């Protein structure tokens with residue numbers, strides 16, 4: 013996100029360059045919000061705490 017805004021402020025002259033920089037910035041903001049949301053959902057998911065997965069069993073590996 014920072015690179016797009018730096019390019020927008022320092023280098024972009026045409027309307028196309030500026031609009032692409034803004035689009036890239038908005039995409040970065042969306043990706044950051046989506047990733048944060050998904051992380052919080054996984055951390056706060058109560059169904060995972062009620063039924064934790066079983067630990068792996070050692071010594072029963074199938075050799076290819």
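Numbering (our numbering), first residue to last: 13 to 76. For each residue, glycine too, the CB sits at the ideal point set by N, CA and C. Here the structure is a predicted model, which means the values were calculated and not measured.
Find the nearest neighbour of residue i within the set the options, judged by alpha-carbon distance.
| i | options | result |
| --- | --- | --- |
| residue 34 | 14, 52, 53, 50 | 14 |
Given this structure, state the Cα-to-Cα distance separating residue i from residue j, to the nearest angstrom.
| i | j | result |
| --- | --- | --- |
| residue 37 | residue 24 | 14 Å |
| residue 39 | residue 54 | 23 Å |
| residue 17 | residue 41 | 12 Å |
Could you spell out the range, first to last residue, of the alpha helix (DSSP H) harbouring residue i?
| i | result |
| --- | --- |
| residue 16 | 14-22 |
| residue 39 | 27-56 |
Check whether the stretch 24-31 and the stretch 39-52 are in contact - that is, three or more C-beta pairs closer than 8 Å.
Using a C-beta cut-off of 8 Å, the stretch 24-31 makes no contact with the stretch 39-52, since fewer than three inter-stretch Cβ pairs fall below that distance.
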